[in-house]
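First comes the structure, then the notes that go with it.
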Amino acid sequence: MELFLLSNGKVADDAPLLSYAHPQLHAMIAQRGITSAVLVPYAIIRGDHAQRAQDLSDSLGIQVRTVHEFDSPVAAIDQAELILVSGGNTWFLNQMLHEHGLIVAIQRAVRERDVPYVGWSAGCNVATPSIRTTNDMPVRSSVVLPALGLFPVQINPHYLDAHVSGHMGETRDERLAEFCAVNPHESVIALREASFLHVSENRLRYYSARGEDFKVFRHGEPIAAHHDVLAIQSLVPFSCQPA
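Each residue of the sequence shown is one higher than the one before, starting from 8 at the first, in the numbering used here.
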């Protein structure tokens, strides 16, 4: 199983999509001889799905087609050499995955056919057991359906621990601590911008283009910041390796 779980898609407005992970993504594509990918774009509510596919084609150097270009979304995944799941609204994305029968289709492609999965932001969220640690609004439904469960620990992408002057609402740290209080047997990995987790050949690595840490939230324990995935070895079934 190979997973790329990215916090975000871009580091700047004028940067190519996924550019901060290009070394690892291009190496994987070359090693596997991948020539095409299928994009699951449901999280993009107001954007152009075809343009997102073209941007990814330009960024990755392969042909990228959306699931809409196939006889059915399931047929698209069944033929995929590489699965790309875009960021956007996590609630809408997860509901559409269920409505189009893609939960099992993607699970089988990744686990049984070893098709690589690349998800950023919402696409990262839905790779975990549930979307309960998304930052997005439930624009269509308040029902929390199971997600793909490819990665066993909840992730909070776009993590930010800055305090905004004048903001009287709860901070991200407080919200994630609340999640752990309600779900004391679960943990959350918080990924900052331009960082990602990579699972390959049962090994887990962490990368940050900015050399920043990730944080781990666990009930009853201090919030811990780490650069080394060895710190979360007890949470995952993979062999944690330095980048």
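The C-beta atom is built at its ideal place from N, Cα and C for all residues, glycine as well. All values derive from a computational prediction rather than experimental measurement.
Buried versus exposed, by CB contacts within 10 Å (16 or more), residue i
| i | result |
| --- | --- |
| residue 267 | Beyond the ends of the chain as shown, which are 8 and 250, falls residue 267; an answer cannot be given. |
| residue 102 | buried |
| residue 38 | exposed |
| residue 128 | buried |
| residue 209 | exposed |
| residue 199 | buried |
| residue 121 | exposed |
| residue 192 | exposed |
| residue 65 | exposed |
| residue 206 | buried |
| residue 20 | exposed |
| residue 143 | buried |
| residue 44 | buried |
| residue 54 | exposed |
| residue 130 | buried |
Nonlocal neighbours in the same chain, by C-beta distance under 6 Å from residue i, ignoring five residues either side
| i | result |
| --- | --- |
| residue 107 | 80 |
| residue 247 | 211, 236, 237, 240 |
| residue 124 | 10, 90, 117 |
| residue 216 | 27, 201 |
| residue 73 | 46, 48, 56, 60 |
| residue 23 | 66 |
Cut-off 7 Å between Cβ atoms - residues of its own chain near residue i, not counting five sequence neighbours on either side
| i | result |
| --- | --- |
| residue 59 | 46, 48, 51, 93 |
| residue 155 | 110, 113, 114, 133, 134 |
| residue 151 | 137, 138, 139 |
| residue 222 | 166, 197, 230, 231, 232 |
| residue 186 | 139, 140, 195 |
| residue 17 | 24 |
| residue 224 | 183, 184, 187, 194, 195, 197, 230 |
Three-way DSSP call (helix, strand, coil) for residue i in this model
| i | result |
| --- | --- |
| residue 157 | coil |
| residue 167 | coil |
Identity of the residues DSSP links to residue i by a beta bridge
| i | result |
| --- | --- |
| residue 66 | DSSP, once it has assigned bridges, lists no residue as partnering residue 66. |
| residue 245 | None; residue 245 has no bridge partner. |
| residue 18 | According to DSSP, residue 18 bridges with nothing at all. |
Cβ of residue i within 7 Å of any chain D Cβ
| i | result |
| --- | --- |
| residue 132 | The displayed structure is made up of one protein chain only, and chain D is not part of it. |
Same chain, Cβ closer than 8 Å to residue i, five either side skipped, listed in chain order
| i | result |
| --- | --- |
| residue 118 | 8, 157 |
| residue 61 | 71 |
| residue 7 | With the chain running from 8 to 250 in the structure shown, residue 7 is simply not present. |
| residue 42 | 69, 70, 88 |
| residue 76 | 83 |
| residue 148 | 98, 102 |
| residue 249 | 212, 235, 236, 237 |
Proximity test, residue i beta-carbon vs the ligand FAD heavy atom, cut-off 6 Å
| i | result |
| --- | --- |
| residue 52 | By its list of ligands, the structure shown contains no ligand whatsoever, and the ligand FAD lies outside what it can speak to. |
- What beta strand (DSSP E) runs, 3 residues minimum, are completely inside the region 73-152? 90-92, 124-127
- Item | Any beta strand (DSSP E) of 3 or more consecutive residues that is wholly inside the region 20-62 | 43-47
- Task: Just list the alpha helix (DSSP H) runs in the region 176-240, keeping only unbroken ones of 4 residues or longer that don't cross its boundaries, in chain order.
- Result: 179-189
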